[in-house]
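Below is one structure; the comments refer to it alone.
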Amino acid sequence: MIYLDNASTTKMFDECVEVHKEFSCTSFFNPSALSENSLRLSKQILDTEKYFLSRLGADEGNVLFTGCATESNNLAIKGSVRSGNWEYVFSVGEHPSVFNVAKKMALDGLKVHFVPLQKNGQVDLNQLEKVLNERTRLVSIMQVSNETGAINDLKKIFSLKKRLCPNAVFHVDGVQGFMKIPFALRDTAVDLYSFSGHKFHAPKGIAGLYVKNKNALKELFEGGGQQYLLRSGTENVSGIMQMRKAVELIDEKKNFQRTQEIKNLFNKTLLSCGEVGFFGGDFQTDSGRGILINDFGGSPYIETLHFQGVKGETMLHALDAEGVVVGLGSACSSKKAGNRVLEEIGLDKESVVSSVRISFNAYMTDDEIQTAARIIAKTYADLWKRMR
Ligand code: PLP
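In our numbering, the protein residues as written are 542 to 929.
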């Protein structure tokens, strides 16, 4: 199997298994209990929190360990809502764990603005500028789109925020950015930042929320008050330690470069198979047959392919049968028809329906990449013939 759906989830590093054993079978204690063993564990968690702060490039603040980024996003947004005449700003390209929270807030009568996207998938900063004002309480905009790989310019967003609503809270869903795109939180003045272990080779069920000022956030649920009274529940110690192990094993700068090479090699190989061109380029056939590469110029980890005349879903199943796993965009919404984000950036219906999301990881071999590209081209050509 060649796995090209890494934006959906990644294969866990083998090294995490040993860590799991250690913190579930040997050092299995409750970090909130009072024995020496528990106190030691509690110190290890604190030390790990500091480690995460350093890898996030943050000079201040805390990290809350949560169960998934869906929880981190819900906590960041709902925990920032305040009574009064406030306004909340989101992009239309957000993941459902942000977008659906925003829609519900609007239904509940809060004043919510949805900022449109540009053709390249980035948030439209001119439109963002128009909605920010002194009543803005929260701005929540993702770092990297899970659908297109488009990277938002967090520094520019922050400078707009600083000028127009300096007291607003700035939340960033960093799930497709952390450990993938080299950056430092201290350069972007982000207040809240969500990330998720299973997107960077740690297990599922462990994630985090960076919190610059813990007094400005409210908890989602009541309980024992673990993690600064903001996230009750016994910490997933093994998950936290495994996520740390994954981060220790990653050099995001090196991985970024390697993934860029992988994407270039993939595109080059696909182009060499014939009847393949870049979306928006001058590639055209009379038959309407052809694969279009749409990489939005963003993250090297993600790109979209349009299989003209064939549904993305049909391609996904045909490729699955050939041993190549691809995605149809957000796994949480992929069972629904269409793709909200691709529609929002103005792609025509035919391009949306024929699209498949390809997402890489930095550890793939050249051979895997070239084989996958060739299988994709051949599977499409075979499908096209069979369908006509
Ligand atoms: N945000 C983005 C951008 C994502 O891609 C995902 C996962 O697909 C999430 C949030 C949700 O992450 P989790 O699966 O940890 O809840």
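Every residue, glycine too, gets a C-beta built ideally from N, C-alpha and C.
beta-carbon residue i near the ligand PLP non-hydrogen atom, thresh 7 Å
i, result
"residue 672", "no"
"residue 683", "yes"
"residue 712", "no"
"residue 654", "no"
"residue 689", "no"
"residue 737", "yes"
"residue 783", "no"
"residue 855", "no"
"residue 611", "yes"
"residue 742", "no"
"residue 638", "yes"
"residue 725", "no"
"residue 614", "yes"
"residue 717", "yes"
"residue 617", "no"
"residue 643", "no"
"residue 748", "yes"
"residue 918", "no"
"residue 548", "yes"
Start and end residues, alpha helix (DSSP H) containing residue i
i, result
"residue 916", "907–928"
"residue 603", "Here residue 603 belongs to no alpha helix (DSSP H); instead the beta strand (DSSP E) covers 603–607."
"residue 642", "637–648"
"residue 861", "853–862"
"residue 793", "793–813"
"residue 664", "Premise fails: residue 664 is in no alpha helix (DSSP H) and is neither H nor E."
"residue 882", "881–885"
"residue 779", "778–790"
"residue 736", "Taken as a continuous stretch (DSSP letters only), residue 736 belongs to no alpha helix (DSSP H), being part of the beta strand (DSSP E) at 733–737."
"residue 699", "695–705"
"residue 573", "From DSSP, residue 573 is part of no alpha helix (DSSP H); its letter is neither H nor E."
"residue 869", "Unbroken run through residue 869: none, as it is neither H nor E."
"residue 615", "610–619"
"residue 890", "890–894"
Beta strand (DSSP E) segment containing residue i, residue limits
i, result
"residue 834", "832–835"
"residue 749", "748–752"
"residue 930", "The requested residue 930 is not part of the displayed model; the chain covers only 542 to 929."
"residue 565", "Neither: residue 565 is in no beta strand (DSSP E) and is coded neither H nor E."
"residue 939", "No answer is possible for residue 939: the residues shown for the chain start at 542 and end at 929."
"residue 817", "817–819"
According to DSSP, residues forming a beta bridge with residue i
i, result
"residue 584", "DSSP output for residue 584 lists no bridge partner at all."
"residue 899", "844"
"residue 680", "630, 711"
"residue 546", "900"
"residue 692", "685"
C-beta neighbour in chain D for residue i, strict 8 Å
i, result
"residue 608", "Any reference to chain D falls outside this structure, which holds one protein chain only."
Nearest-angstrom beta carbon gap, residue j and residue i [assumed within contact, 8 Å]
i, j, result
"residue 924", "residue 897", "Contact doesn't hold; Cβ gap of about 12 Å is too wide."
"residue 605", "residue 726", "At roughly 15 Å, the Cβ-Cβ gap does not stay under 8 Å, so residue 605 and residue 726 are not in contact."
"residue 717", "residue 685", "4 Å"
"residue 636", "residue 732", "19 Å between Cβ atoms; not a contact."
"residue 639", "residue 614", "5 Å"
"residue 767", "residue 775", "7 Å"
"residue 565", "residue 571", "About 12 Å; that fails the 8 Å criterion."
"residue 804", "residue 744", "Between residue 744 and residue 804 the Cβ distance is about 26 Å, and since that is not below 8 Å, they are no contact."
Heavy atom of the ligand SAM within 7 Å of residue i beta-carbon
i, result
"residue 675", "Of the ligands one can find in the structure shown, namely the ligand PLP, none is the ligand SAM."
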